[in-house]
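Structure, as structure tokens:
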Amino acid sequence: MTQVRDNQAGDGGVPSPAQPPGAAAPPPAAEPAPEVVADFTTLQAPRRVRAAWVAAPDTPSALGRVLQPLAIGLMDEMVEVTALCPEEADVRELPSPPVEVLPYGRPPWWAFRDRTLDYLADQLKRRRVDLVHALEGPVADLARDLANLLGVPYLVNSLALDPNLWQVRAEHNAWAVLAASEIIRSDLLAKRVSTEAQTRLVRPAARPARRAR
Numbered sequence: 021m022t023q024v025r026d027n028q029a030g031d032g033g034v035p036s037p038a039q040p041p042g043a044a045a046p047p048p049a050a051e052p053a054p055e056v057v058a059d060f061t062t063l064q065a066p067r068r069v070r071a072a073w074v075a076a077p078d079t080p081s082a083l084g085r086v087l088q089p090l091a092i093g094l095m096d097e098m099v100e101v102t103a104l105c106p107e108e109a110d111v112r113e114l115p116s117p118p119v120e121v122l123p124y125g126r127p128p129w130w131a132f133r134d135r136t137l138d139y140l141a142d143q144l145k146r147r148r149v150d151l152v153h154a155l156e157g158p159v160a161d162l163a164r165d166l167a168n169l170l171g172v173p174y175l176v177n178s179l180a181l182d183p184n185l186w187q188v189r190a191e192h193n194a195w196a197v198l199a200a201s202e203i204i205r206s207d208l209l210a211k212r213v214s215t216e217a218q219t220r221l222v223r224p225a226a227r228p229a230r231r232a233r
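In structure tokens:
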């Protein structure tokens, strides 16, 4: 007995609609999209930056109102701060924590300066410091020497006009010089202390009155 095969889809015997002569074949069924599985095990946490502030004897008390919010803001940005302060400095204005205060003694004789540098450089190496920041011009040379020993960049704050010659030398080679006003920035550029790309205008949030020197 001859069997006549019906036009069927092949799944469950359900007949498919007849195609008129000359009609285009129906498009193939879309393949299901592959399942995407997020792998969070390879994501890395933001890298923490470790900075060293280098302060002059009166820096913590004179710039305390600027350094307090700055230190707290840097903590939110994953920046750890170690403040190098002379032993005679009044550090009560520094928020500690988050700032770690590292006191040091200024040697009375120049012959012992290398010992102080070696001690501070060793302390900063243990803390894996990434950059050195001179908070004022008078310590720019110290920040430069420490940065050279550590092999890291250094920054210098320029808060006054007409810097001393040794300060000019330190600022000239700095990774960045942060001028406190447009007048100071223009003065640095005019005297070629620092280049256009090197000099940044960063106005302090507060400018307390400085003691006369």
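177 is the number that the numbering used here gives to position 157 of the sequence shown; each next residue is one higher, with no gaps.
By construction, the Cβ of each residue, glycine as well, lies at the ideal position given by its N, Cα and C atoms.
Item                                                                                                             : Value
Ala180 vs Arg164 beta-carbon contact at 9 Å                                                                      : no
Beta-bridge partners of Ser81, as assigned by DSSP                                                               : DSSP, once it has assigned bridges, lists no residue as partnering Ser81.
Reduced DSSP category for Val159 - H, G, I as helix; E, B as strand; rest coil                                   : helix
Other residues of its chain near Trp130: CB distance less than 7 Å, five sequence neighbours each side excluded  : Any reading at Trp130 must be qualified, since the residue scores a pLDDT of 49, below 50, and its modelled position is unreliable; no value is offered.
Burial state of Pro117 (16 or more Cβ within 10 Å)                                                               : exposed
Exposure of Pro80, with buried meaning 16 or more beta-carbon neighbours within 10 Å                             : buried
Under 9 Å between C-beta atoms of Val152 and Val172                                                              : yes
C-alpha gap between Thr215 and Asp150, whole angstroms                                                           : 23 Å
Local Cβ density within 10 Å of Arg205, reported as buried at 16 or more and exposed below that                  : buried
Inter-residue spacing [alpha-carbon to alpha-carbon] between Thr219 and Leu198                                   : 6 Å
Element boundaries [alpha helix (DSSP H), containing Arg147]                                                     : Arg147 -> no alpha helix (DSSP H), and no H or E assigned at all.
3-residue-minimum beta strand (DSSP E) runs that sit fully inside the stretch 88 to 118, ordered along the chain : 99 to 106
Between the CA atoms of Pro115 and Arg67 - distance to the nearest angstrom                                      : 23 Å
CB contact flag (Gly84, Glu113, <9 Å)                                                                            : yes
Under 9 Å between C-beta atoms of Ala71 and Glu100                                                               : yes
For Asn193 and Val69, the rounded distance between their alpha carbons                                           : 22 Å
Outcome for Glu107 when other beta-carbon atoms lying within 10 angstroms are tallied against a minimum of 16    : exposed
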